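Some notes on the structure that comes next.
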DNA sequence: ATAAATTTTTAGACAAAGCTAAAAATTAAA
DNA sequence: TTTAATTTTTAGCTTTGTCTAAAAATTTAT
Ligand SMILES: [Mn+2]
Ligand SMILES: [Mn+2]
Ligand SMILES: [Mn+2]
Ligand SMILES: [Mn+2]
């Protein structure tokens, strides 16, 4: 499988986890910053290899084989991110681009030994689940901070947006995975929140809250 | 730089360390198991980018820029090999193919952090030197076991042939980097050797001896 | 239900990197 | 020093993945 094929499969997989339905050509093109015509070409190729179910004009979905391949790529991506953060001491906002390259290294033995070396982590540095060697994923129940109501509290367990800007904002506010966050009050006008992290209080916009996953406590 | 360009540079570098002179198109083609015509195409491209000095029909050599790039690729290859053996517990005959992939990952920060994580090794699992971040190489004086005469002894410090077959043969005979090897006698007819490793004596062909580097003691 | 807007596919081109076959240059042999 | 053998380059073709522009299908609006 080429890097390009792998990137398409991964994109289709990610889009599927957001909207569980047939994925449109345009959605793929937008996410991959490429042209719809290129996507169509690739969908034909992936369909030929039985990695996707594709009927023209009807969108596309992953076959069992395609789903498994996609999960193995995601597994590699996230395990390498754990390696970079835990072992090489990278910050959580620096690892994605490198993992985009490392996820294409082909060696089952390598990834399984890496998994063992890292002590079989179930989540990556951004709180995303890591599929195991069989493709099984441990689902952690979590919700967006923006869904909590006043006086509710939760532990930060993940981020939706993984951009450097957002992650660095969280660093600046000393919000990390594991931080306990309490909703002090909610402004009905713009849905902004006053929250308490540790013993500090701060105001965050709804946009921030809608990109932080918490587990209610 | 593409994977392909990097592989050509690395090959030219390796050939240069063997025969310090202009490298021929055919030599490159043979080593890379490709066609001479493909090599010519690539040499033009590398020359255009000022990575090699190329005059047609006159062979090729690396420019300073090309030499540095080649060394950085070799550095990555060998550091990843150390990682695989020391941290992930791979055998020394299993790591080359994986390192062939990993050497193309682009991130200076990654390779320098890996270097630190591994404690700045100067040699890879096969005894080959690892260029530092500036491209400097610590040369260890070593010679082939086949060059020793009767009664001389040395410590095994490297292998010339790094094929799985050869490395596994050494494993079977319990010869590893660091093993002390003593030449008991040498057969003048075929240059085969009777050697002592640890407290075991064994016979080895000249071909074996000509692929083992030792440091005289 | 028809027209307009949007999405998706097709057709045709291009760059990268490889190949084969033929031509040109160099090197070795007679 | 010619001729023969070898090496290297050129010319032309193929595949992969991309693009633009135009055509076709689908969806939305009137
Ligand atoms: Mn990532
Ligand atoms: Mn991640
Ligand atoms: Mn190697
Ligand atoms: Mn090596």
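Protein chains in written order, with the UniProt record's numbering: chain A, 1 to 217; chain U, 1 to 217.
C-beta atoms are modelled at their ideal positions from N, C-alpha and C, and glycine is treated no differently.
Predicted model, so just to flag it, every value in this text is computed and none were measured.
The closest CA to that of residue 59 of chain A, considering only A:20, A:165, A:4, A:132, is found on A:20. Nearest CB-CB separation between residue 105 of chain A and chain U: below the 7 Å threshold. Annotated three-state conformation of residue 139 of chain A is coil, per DSSP. For the pair residue 138 of chain A and residue 13 of chain U, the Cα-to-Cα distance works out to about 47 Å.
For residue 120 of chain U, there are no neighbours in chain A by C-beta distance under 8 Å, as the nearest C-beta there is about 14 Å away. Against residue 76 of chain U, chain A offers no close residue; the least beta-carbon distance is about 12 Å (beta-carbon pairs closer than 8 Å). A distance below 6 Å between beta-carbons, with the five flanking residues on each side excluded, links residue 81 of chain A to the following residues of its chain, in chain order: 95, 99, 124, 125.
Rounded to the nearest angstrom, the gap between the Cα atoms of residue 199 of chain A and residue 154 of chain A is 15 Å. At least 7 Å separates the CB of residue 10 of chain A from every CB of chain U.
For residue 88 of chain A, the nearest CB of chain U lies under 7 Å from its own CB, placing it at the interface with that chain. For the 7 Å CB-CB criterion, residue 195 of chain U and residue 156 of chain U do not form a contact.
For a Cβ distance threshold of 9 Å, residue set 105, 106, 107, 109, 110 of chain U lies close to residue 98 of chain A, ordered along the chain. Any Cβ of chain U closer than 7 Å to the Cβ of residue 3 of chain A would place that residue at the interface, and such an atom is absent. Per DSSP, the unbroken alpha helix (DSSP H) holding residue 102 of chain U starts and ends at 96-102. About 6 Å separates the beta carbons of residue 83 of chain A and residue 114 of chain A, which is inside the 8 Å limit, making them a contact pair. Residues of the segment 34-62 of chain U with a C-beta less than 9 Å from any C-beta of chain A: none at all.
Residue 81 of chain U has its Cβ nearer than 6 Å to a heavy atom of ligand 4.
Against chain A, a Cβ distance below 7 Å from residue 101 of chain U picks out 105, 106. Look at residue 178 of chain A here: in three-state DSSP terms it is coil, with no helix or strand label. For residue 176 of chain U and residue 151 of chain U, the gap between their C-alpha atoms comes out near 20 Å. Between residue 146 of chain A and residue 206 of chain A, the C-beta gap is smaller than 7 Å, which places the two residues in contact.
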